[in-house]
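Following: one structure in structure tokens, then a few remarks.
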Amino acid sequence: EADIYQTPRYLVIGTGKKITLECSQTMGHDKMYWYQQDPGMELHLIHYSYGVNSTEKGDLSSESTVSRIRTEHFPLTLESARPSHTSQYLCASNGGLGPQYFGPGTRLLVL
Amino acid sequence: QKEVEQNSGPLSVPEGAIASLNCTYSDRGSQSFFWYRQYSGKSPELIMFIYSNGDKEDGRFTAQLNKASQYVSLLIRDSQPSDSATYLCAVREDRGSTLGRLYFGRGTQLTVWP
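Those sequence lines, one after another, are chains A and B.
By the working numbering, the letter at position 99 of the first sequence is numbered 95, and the numbering carries on one by one without gaps.
By the working numbering, the letter at position 14 of the second sequence is numbered -3, and the numbering carries on one by one without gaps.
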């Protein structure tokens, strides 16, 4: 089982603010992912990375951006938060062809 | 577009019964298959993965894979109220540009009543 950490776990913020959601893993996994999930709804992949300096957009159009400067760290940034960004954001990782493991998630509420 | 279909449920079974969760997928190139459990408000938790045709057992859980029929299932024996959750099926094609990406179904909500 992987150790994946996400901070903050909960965030309430006003419209227009810049926010960064942190995700880190200690397993040396090369692949990392960000998903968005509304309550009771399906998972949507918004960004992924196959290694340092590699990032790709997922299936769901997102106004967020990501970076992968270090193997263990994959932060997601919203330059200007809006109420439509209110959701749960889940980070995940896997190494090679191993299973994908999820972090605990960040619940974001934009007022 | 790779599609993963699950019975939407909800599926309701009594305590002690066998719960059967089904999943079909559209891409014949899919090679790895995963089952996740997600409690309300929590993140998905990996419970089983299977790569080869046949059955794979882990405690009360059995995953069954039939690649010819593009079908994967999860059986939960001796169901407990604590098994009540949404179960997500995910498939992966382990080659090409989508290497490592998971494609998820919408999930099946399971309720186990005492």
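Glycine included, every Cβ here is placed at the ideal spot set by N, Cα and C.
Here the structure is a predicted model, which means the values were calculated and not measured.
- With respect to the 8 Å criterion, L104 of chain A and L7 of chain A are classified as neighbours on the basis of their beta carbons.
- Per the coordinates, the alpha-carbon of E28 of chain B lies some 31 Å from the alpha-carbon of S76 of chain A.
- Burial of Y19 of chain B is indicated by the presence of at least 16 other C-beta atoms within 10 angstroms of its C-beta.
- Taking 3 residues as the minimum length, the beta strand (DSSP E) runs contained wholly in the segment 30 to 93 of chain B are 37 to 41, 44 to 49, 54 to 59, 68 to 75, 85 to 87, in order along the chain.
- Boundaries cannot be given for E68 of chain A, as no beta strand (DSSP E) includes it and DSSP labels it neither H nor E.
- With at least 16 other beta carbons inside 10 angstroms of its own, S83 of chain A counts as buried.
- Per the Cβ contact rule, the segment 23 to 32 of chain A is in contact with the segment 85 to 98 of chain A (3 or more Cβ pairs under 8 Å).
- Inside the segment 24 to 84 of chain A, DSSP marks whole beta strand (DSSP E) runs of 3 or more residues at positions 27 to 33, 40 to 47, 50 to 53, 72 to 74, from first to last along the chain.
- Against chain B, a Cβ distance below 8 Å from N90 of chain A picks out G83.
- Put simply, the CB of L72 of chain A is far from chain B, with every gap to its CB atoms at 8 Å or more.
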